[in-house]
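Residue numbers for the sequence shown follow this note's numbering, beginning at 4 and rising by one.
Backbone N, C-alpha and C fix where the C-beta goes; we use that ideal spot for every residue, glycine too.
As the structure is a computational prediction, the values presented were derived from the model and not from experiment.
Encoded as structure tokens, the structure appears first; notes follow it.
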Amino acid sequence: MHRPAVFLDRDGTVNEQMGYINHISRFHLLPGVAEAIRILNQHRIPVVVVSNQSGLARGYFPEELLEEVHRQMNLQLAEQGAFLDGIYVCPHHPAARKIEYRQVCLCRKPKTGLLDQAALDLRLDLAKSFLVGDKWSDIECAVRAGCTPVLVLTGYGKGEYMYINPGQEIRPEYVAETLLEAVRWIIPRIGEG
Numbered sequence: 004m005h006r007p008a009v010f011l012d013r014d015g016t017v018n019e020q021m022g023y024i025n026h027i028s029r030f031h032l033l034p035g036v037a038e039a040i041r042i043l044n045q046h047r048i049p050v051v052v053v054s055n056q057s058g059l060a061r062g063y064f065p066e067e068l069l070e071e072v073h074r075q076m077n078l079q080l081a082e083q084g085a086f087l088d089g090i091y092v093c094p095h096h097p098a099a100r101k102i103e104y105r106q107v108c109l110c111r112k113p114k115t116g117l118l119d120q121a122a123l124d125l126r127l128d129l130a131k132s133f134l135v136g137d138k139w140s141d142i143e144c145a146v147r148a149g150c151t152p153v154l155v156l157t158g159y160g161k162g163e164y165m166y167i168n169p170g171q172e173i174r175p176e177y178v179a180e181t182l183l184e185a186v187r188w189i190i191p192r193i194g195e196g
């Protein structure tokens, strides 16, 4: 039995958009995020973070820092009674400084590799799932994967909505001020895909 899930972009959706988080002190959960994830947890809906992390490929921070950021994210969520079912990261970039990450991959959003892998690992039904993010690459990724796209106006969201949205054929199904608002919209609709 494959289940619907909610996929979340990380930077600008779960935590403050800071450019590259090149020090642990720059990681801050956005207000209401833990509550939003806790609501999904209470409804037994898998919550999976899917994140492009080209800063790793570009040599702006080491893999150890990325792992530390994710430990901190999990800790801060746990302190507020919330948890993630998975974290999937694309470390690649075609112009990467680090040779091991220099590639055109299948996982860098808007490509669907992160969602495809999570669906395989966690037995998820992409057609009944949602992807919430603050960038048009998230919206495009959702559509390509067959998920319902939701744009949040945190992070880059407001600018993307005002300046990128008008020229796009692909549109979000819903535009929310915050992740918490997005989750409240998703809950009665999830699994209907």
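Pop quiz: residue i and residue j are said to be a contact at Cβ under 8 Å. What is the actual Cβ separation, rounded to whole angstroms?
i, j, result
"S54", "R13", "4 Å"
"K101", "A60", "6 Å"
Mapping the DSSP letters down to three states, classify residue i as helix, strand or coil.
i, result
"L182", "helix"
"R187", "helix"
Among residues of its own chain, excluding the 5 on either side of residue i, which ones have a beta-carbon nearer than 7 Å to its beta-carbon?
i, result
"H31", "N18 and E19"
"L117", "V53, Y91, C93 and C110"
Identify, in the order they occur along the chain, each residue of the same chain with its Cβ nearer than 6 Å to the Cβ of residue i, setting aside the five sequence neighbours on each side.
i, result
"V36", "V17 and L182"
"I90", "V52 and H73"
"G149", "L129 and A130"
"Q45", "none"
"E180", "L156"
"R29", "M21"
"S132", "P7, A8 and C150"
Keeping to the same chain, check which residues put their C-beta closer than 8 Å to that of residue i; ignore five residues upstream and five downstream.
i, result
"R147", "P113, K114 and T115"
Every unbroken beta strand (DSSP E) within the region 22-99, with a cutoff of 3 residues, ordered by chain: 50-55 and 89-93
With a cut-off of 8 Å, do at least 3 Cβ pairs link the region 75-90 to the region 100-117? no
Going residue by residue through the region 101-164, where are the continuous alpha helix (DSSP H) segments of at least 4 residues, counting only ones entirely within it? 116-125 and 139-148
Closer than 8 Å is the cut-off here; do at least three beta carbon pairs connect the region 182-196 with the region 161-170? no
Closer than 8 Å is the cut-off here; do at least three beta carbon pairs connect the region 152-159 with the region 117-132? Three or more beta-carbon pairs separated by less than 8 Å are not found between the region 152-159 and the region 117-132, which leaves the two stretches without contact.
On the three-pair Cβ rule with 8 Å, is the region 112-123 touching the region 136-144? The region 112-123 makes contact with the region 136-144, as at least three CB pairs between them are under 8 Å.
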